[in-house]
Amino acid sequence: MLESKVYVSRRKALLAQMAARTAEGNRGVAVFLGNVDAAQNYRGNDYKFRQDSSFLYFWGVDEPWFAAILDLDSAEECLYGDDVDIDDIIWMGPQPSVASKGEAVGCARTQPLAEFDKAVAAAVAAGRPVHFLPPARYYNQMKLAELTGISNAAVRKVAPVEAGGASEELVKSVVALRLIKEQCEIEEIDKACEIGYWMHTEARRGCKPGVLEQDIVGRMEGVTLSKGWGVSFTTILSQNGETLHNHSHHQVITPGRLLVVDAGAESNTHYASDFTRTYPCSGKFTTKQREIYDIVEQANELAFSLTRPGTSYWDVHCATVKFMLEQLKALDFVRGDVDEMVACGISGLFMPHGLGHNMGMDVHDMEDLGENYVGYGDERQRSPLLGMGNLRMARDLKPGHVISDEPGIYFIPALIEQWKREGTDKGFVNYDKLAGYYDFGGIRLEDDVLVTPDGARRLGPYRLPIKSSEIEEIMSKE
Ligand code: GLY
């Protein structure tokens, strides 16, 4: 948990944000539902508890069965939760009181959870606007529908509050605050990155012929559990790196292949890291692998060098894919005018994802609130093109933004075949050259970056080795 003044100042800032988006005298209430226990296979054998990130951000309590209300007209606030009874004490031991939990986050008023339902019902009955965020979990979706009388499907739909549904005013207010990281958050992300560094170091050391991928994953995840909360998302580790989010780890490390490792850690305060490295399974890149690897490594560096206030991540994405296409043209994968290729989305064949996403308490920060609200706002429209259209962060860059820088090049046989069949490439792609790359796999290289007042800095105390020569040297010694 952070210092209580952090939560107090966030709620004050939220009141100001909401005041700018709602009408004085009838602003209503902002209601926040924390997450509850979720059964894995029976009640009492739950998934590991993870609090809702916006609840954590404003109310700090990292436990199930809490809720809160912020009155946007009177500025009164209340945290709702139940004190433990003797049954709980028998199984869980004595617990701090709800009042002391409220005090720890600067909230003087606390009430039992049943009072939350009554307070929401009273606001609804009085015709006051009830603002809530789109729920990520089904229990909270059903609970909000039950409390507000809005249909189950509508509580997930973001719209101006008078339309009934999740509140666009609240979504925009929360995004405005959570997008710009405070110093205390940057320190937490640095810690998550340090854990991520050791996690990936374990992966690189484990990348030896004959080792089972699952064995490497287990050791990496052990690092995150021994130093923090656990993984920030399900680990992606595969020699079939052309599958962007490959979660099968059943293969044995085989000389001549490439191993993509995309994984991150969550700190004990629930801030995320997210790194990707790609290793030659035999410890040395083949000429073919190195040619592609070096393009991706230079693209990662180029994107970092362009990341600063005064530009947008949209423009950084475009400059990076343009660079990659120029390099692929030099190797005869594509032919023709590179600017035209960028304009018609040829890069999507090689990199079907965007350059990066916002990061924070969620590895894709606030994706539950809606990707366009988070990564685009009112600044620009999402592209329909493959690759560009998957760019999750396109905004003008500001100090305090935390984003991933993750270019990649992949050879996806099914996609290549589809483009060839349907003529999607508009004559730019040399399929004869690509025919020799169907068993290549993919390469992705990712760092986490903070936008600073005069540029950017890579997060974490150490950078994972990335240059092909560094990788080969370190792998030869491990
Ligand atoms: N690193 C996984 C992702 O960004 O989706």
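Residues are numbered in the numbering used here as their position in the sequence shown, beginning at 1, plus a constant of 50.
Don't be surprised by glycine CBs; every beta carbon is placed ideally from N, CA and C.
In this text the structure is predicted, and so the values were computed from the model without any measurement.
Relative to the C-alpha of residue i, which candidate in the options has its C-alpha closest?
{"i": "residue 203", "options": "212, 185, 210", "result": "185"}
{"i": "residue 112", "options": "103, 168, 119", "result": "103"}
{"i": "residue 40", "options": "373, 318, 367", "result": "Residue 40 lies beyond the stretch modelled for the chain, which goes from 51 to 528, so this question has no answer here."}
{"i": "residue 245", "options": "261, 229, 270", "result": "270"}
{"i": "residue 150", "options": "351, 124, 497, 54", "result": "54"}
{"i": "residue 232", "options": "421, 468, 59, 508", "result": "59"}
{"i": "residue 505", "options": "417, 354, 251, 145", "result": "354"}
{"i": "residue 81", "options": "92, 68, 90", "result": "68"}
{"i": "residue 345", "options": "99, 516, 298", "result": "516"}
{"i": "residue 514", "options": "427, 327, 482, 380", "result": "327"}
{"i": "residue 57", "options": "89, 528, 109, 70", "result": "109"}
{"i": "residue 493", "options": "289, 451, 369, 520", "result": "289"}
{"i": "residue 154", "options": "51, 169, 196, 143", "result": "51"}
{"i": "residue 424", "options": "467, 222, 454, 392", "result": "222"}
{"i": "residue 279", "options": "498, 100, 489, 465", "result": "100"}
{"i": "residue 351", "options": "401, 219, 147, 405", "result": "405"}
{"i": "residue 45", "options": "409, 485, 422, 456", "result": "Since the first residue shown for the chain is 51 and the last is 528, residue 45 is missing from the structure and cannot be characterised."}
{"i": "residue 178", "options": "528, 519, 79, 526", "result": "79"}
{"i": "residue 281", "options": "294, 114, 267", "result": "267"}
{"i": "residue 124", "options": "84, 96, 147, 62", "result": "62"}
{"i": "residue 470", "options": "455, 432, 399", "result": "399"}
{"i": "residue 368", "options": "433, 429, 167", "result": "433"}
{"i": "residue 500", "options": "94, 356, 169", "result": "356"}
{"i": "residue 440", "options": "201, 294, 64, 86", "result": "294"}
{"i": "residue 337", "options": "242, 522, 376", "result": "522"}
{"i": "residue 535", "options": "419, 465, 407, 472", "result": "The question about residue 535 has no answer, for the chain in this structure spans 51 to 528."}
{"i": "residue 436", "options": "298, 402, 349", "result": "402"}
{"i": "residue 172", "options": "182, 148, 198, 191", "result": "198"}
{"i": "residue 241", "options": "526, 509, 528, 520", "result": "509"}
Cβ of residue i versus every heavy atom of the ligand GLY: is any distance shorter than 6 Å?
{"i": "residue 135", "result": "no"}
What does DSSP give as the partner residues of residue i in its beta bridges?
{"i": "residue 426", "result": "For residue 426, which the question treats as bridged, DSSP gives no partner whatsoever."}
{"i": "residue 449", "result": "Partner(s): none; residue 449 has no beta bridge."}
{"i": "residue 181", "result": "80"}
{"i": "residue 460", "result": "492"}
{"i": "residue 502", "result": "505"}
{"i": "residue 325", "result": "313"}
{"i": "residue 286", "result": "312"}
{"i": "residue 189", "result": "Looking at the DSSP assignment, residue 189 forms no beta bridge with any residue, so it has no partner."}
{"i": "residue 119", "result": "81, 128"}
{"i": "residue 479", "result": "384"}
{"i": "residue 161", "result": "130"}
{"i": "residue 92", "result": "95"}
{"i": "residue 330", "result": "308"}
{"i": "residue 209", "result": "217"}
{"i": "residue 280", "result": "316"}
{"i": "residue 262", "result": "302"}
{"i": "residue 362", "result": "446"}
Just checking: is the beta-carbon of residue i within a distance shorter than 7 Å of some beta-carbon in chain D?
{"i": "residue 99", "result": "Here chain D cannot be found, since the structure has a single protein chain."}
Handout entry: the segment 332-350 in contact with the segment 305-320 per 3-pair CB rule at 8 Å
Key = yes
Exercise for the section: Kindly provide the chain-ordered list of residues whose Cβ lies closer than 7 Å to any non-hydrogen atom of the ligand GLY. Expected result: 283, 286, 295, 312, 314, 324, 326, 407, 413, 414, 454, 456, 496
Exercise for the section: Would you be able to state if there are at least three C-beta pairs under 8 Å between the segment 221-240 and the segment 316-331? Expected result: yes
Handout entry: Any 3 or more C-beta pairs closer than 8 Å across the segment 360-368 and the segment 445-452
Key = yes
Exercise for the section: State whether the segment 254-270 contacts the segment 458-472, with contact taken as three or more CB pairs (one from each stretch) at a distance under 8 Å. Expected result: no
Handout entry: Given 8 Å, three or more beta-carbon pairs between the segment 125-136 and the segment 156-163
Key = yes
Exercise for the section: Would you be able to state if there are at least three C-beta pairs under 8 Å between the segment 180-197 and the segment 131-142? Expected result: no
Problem - Sufficient close CB pairs (3 or more, under 8 Å) joining the segment 377-393 to the segment 476-491 - result: yes
Practice task
State whether the segment 208-228 contacts the segment 409-420, with contact taken as three or more CB pairs (one from each stretch) at a distance under 8 Å.
Solution key: yes
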